[in-house]
Ligand SMILES: Nc1ncnc2c1ncn2[C@@H]1O[C@H](COP(=O)(O)OP(=O)(O)OP(=O)(O)O)[C@@H](O)[C@H]1O
Ligand SMILES: [Mg+2]
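Chains as they are written, first to last, in the working numbering: chain A, 146 to 381; chain B, 152 to 436.
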């Protein structure tokens, strides 16, 4: 059984349609990429899964239970964390405070040091900057902090919205290397990316969205090698 | 020597202004809502003190926490019954709703207690402490020190505790706060509770040395608005500095120019300060 199964997801923003018919599944331990051009509905899909926008229709099954429409604070407690588009850090608070906030739903306080240690081991840069306010971080550091904050809730599934956006190649390498490490630790990942090439190198499988619909699904390697697919959907 | 005495008196009063304003600035900082009923919250707390003293024969050790608790409850209740709904409406609806709430409260009090001025009996903390050549009224000393302690405590709670960090998280980005598992509604309700409790404690303390009437909140809340503006909207250290400054200015101008002129001096300096620094002393530009 898949960990996450989205079927026929629709999201409306007033009269505008953010997602019309999105279906996808993610199995435990997989890295799945969500591709598509500007405005295709990637962010909308991730936000609906995370509980930030209520779906107008469709199902979001998490470990067999329909969580569509549940509030975000409920969903993060169930083991799904989102590193959102634009990071949305608490810029007036310290790096450490941001990470601690990520663990808001932690039931056992004794687990806190272990979680900090895990994030700091993954991104030593955050440890160096832990007393600094998040607003003073560079773009790469902000992405690391957004990821770290999401990890502090010890999720089973991590949703990542455009982790490469606005970052230089060196930092992107660093972030994606961290994602691979996380996968070996058993984390499941669903990554929305505009730069398909990057995402397909990392992912096992991928879905392509177009104007709010899933139009294509395949193994990452196949999609990467199919020139027609690349031309039609992936901008290259 | 009289100068030192005046400054000391001003600082004690200013600390109460600071606490009063902290509640206002906390609610603003959390959700960009101005609570126009804040002065009426203060007035309500003064009547709570009056009733507690008159009918239960208790002292400040009881009526201050009592006012804090009751106003906390009122703040939380007002959030859920009123604010949460009008937040979705236009700005004018938000302004009018708290304004209307204030009018409702003062007329309820007016109806029960009439418009007569009342005050707590003089024996309540009525002594005078003579220290280092200064003569400080016990009531004002108690009020000033407690207000100072609570204002600093509120600031420490916001900046040093996990709970404060969650409040600030909601203040900065509601959506991101939801993502990490915070319920913004709960935090905003607590902010209203704490903000109202600040008004509650300040009111109960002011009642120790001030007359009580259904309209007493008006003049006090005006000072609080000036303090919040001067300190920078949302800043508690700003409210503290501005509150203390206004207390001292009032005290000095009442002595040297005349009590009738103290408000004029405060507002003239306020306008001047805004002209020089529109974002307030500690506000962000
Ligand atoms: N908050 C919103 N209000 C109204 N319309 C929205 C909102 N968010 C997204 N949309 C619309 O929904 C559609 C899908 O947008 P979405 O942000 O999900 O796309 P995306 O694939 O993430 O794009 P990008 O690559 O630019 O991040 C777009 O047409 C967009 O204009
Ligand atoms: Mg997007």
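Think of the CB as a built atom: it goes at the ideal place given N, C-alpha and C, for glycine as much as any other residue.
The beta carbon of residue 320 of chain B sits closer than 8 angstroms to some beta carbon of chain A. Listed in chain order, the alpha helix (DSSP H) elements of length 4 or more contained wholly in the stretch 273-354 of chain A are 284-296, 314-329, 341-347. Distance from the C-beta of residue 306 of chain A to the nearest heavy atom of ligand 2 is below 7 angstroms. For residue 218 of chain A, a Cβ of chain B is located within less than 8 angstroms of the residue's own Cβ. Taking non-hydrogen atoms of ligand 1 into account, the C-beta of residue 339 of chain A is found less than 7 angstroms away from one of them.
Taken in chain order, the unbroken stretches of alpha helix (DSSP H) that lie wholly in the stretch 277-352 of chain B and span 4 residues or more are 289-311, 313-323, 325-330. Annotation for residue 381 of chain B: 389, 393, 396, 397, 421, 424, 425, 431, 432 place their beta carbon closer than 8 angstroms to its own, counting only its chain and skipping 5 residues before and after.
For residue 257 of chain B, the enclosing alpha helix (DSSP H) covers residues 242-264. Between the stretch 282-300 of chain B and the stretch 155-172 of chain B there are three or more inter-stretch CB-CB distances shorter than 8 angstroms, so the stretches are counted as touching. Residue range 211-229 is occupied by the alpha helix (DSSP H) that includes residue 213 of chain B.
For residue 364 of chain A, the enclosing beta strand (DSSP E) stretches over residues 358-364. Proximity of the beta carbon of residue 188 of chain A to ligand 2 is indicated: a heavy atom of the ligand is located closer than 7 angstroms. Interface residue (Cβ-Cβ distance to chain A less than 8 angstroms): residue 342 of chain B is not classified as such. Relative to ligand 1, the beta carbon of residue 227 of chain A is positioned no closer than 7 angstroms to any heavy atom. Residues of chain A with a Cβ closer than 8 angstroms to the Cβ of residue 317 of chain B are, in chain order, 246, 249.
Residue-level contact check: residue 227 of chain A touches chain B, since one or more beta carbons of chain B fall below 8 angstroms from its beta carbon. Against chain A, the beta carbon of residue 338 of chain B has no neighbour under 7 angstroms; the closest one sits roughly 11 angstroms away. Within the same chain, Cβ atoms closer than 6 angstroms to the Cβ of residue 209 of chain B are found at 203, the five residues on either side in sequence being excluded. For residue 333 of chain B, the residues of chain A that pass the 8 angstroms Cβ criterion are 218, 246, 249, in the order they occur in the chain.
One alpha carbon belongs to residue 320 of chain B, the other to residue 264 of chain A, and they sit about 20 angstroms apart.
Among the residues of the stretch 228-244 of chain A, those with a Cβ less than 8 angstroms away from any Cβ of chain B are 229, 233, 234, 235, 236, 237, 238, 242, in the order of the chain.
Around residue 222 of chain A, the beta-carbon contacts reaching into chain B at under 9 angstroms are 332. In the displayed model, residue 239 of chain A falls within a strand according to three-state DSSP. In this structure, the CA atom of residue 327 of chain A is about 24 angstroms from the CA atom of residue 328 of chain B.
For residue 326 of chain B, the C-beta contacts it makes with chain A under 7 angstroms involve 197, 233, in order along the chain. The three-state reading of DSSP puts residue 160 of chain B in helix, counting H, G and I together.
Set against 7 angstroms, the gap from the CB of residue 197 of chain A to the closest heavy atom of ligand 1 is not smaller. As summarised for the stretch 213-273 of chain A, the continuous beta strand (DSSP E) elements at least 3 residues long and confined to that stretch are 225-228, given in chain order. Between the stretch 338-358 of chain A and the stretch 172-179 of chain A, the count of C-beta pairs closer than 8 angstroms reaches three or more; the two stretches touch. For the pair residue 152 of chain B and residue 273 of chain B, the Cα-to-Cα distance works out to about 27 angstroms. Contact check for residue 197 of chain A and residue 217 of chain A: beta-carbon distance about 5 angstroms, within the 8 angstroms limit, so the pair qualifies. An exposed status is given to residue 330 of chain A, since fewer than 16 other beta-carbon atoms sit within 10 Å of its beta-carbon. In this structure, residue 307 of chain A lies away from residue 241 of chain A, with their beta-carbon atoms at least 8 angstroms apart. In this chain, residue 408 of chain B is not harboured by any alpha helix (DSSP H), its DSSP state being neither H nor E.
One finds 196, 197, 216, 217, 218 in chain A with Cβ atoms closer than 8 angstroms to the Cβ of residue 329 of chain B, taken in chain order. Annotation: Cβ neighbours of residue 298 of chain A in chain B (cutoff 8 angstroms, chain order): 331, 332.
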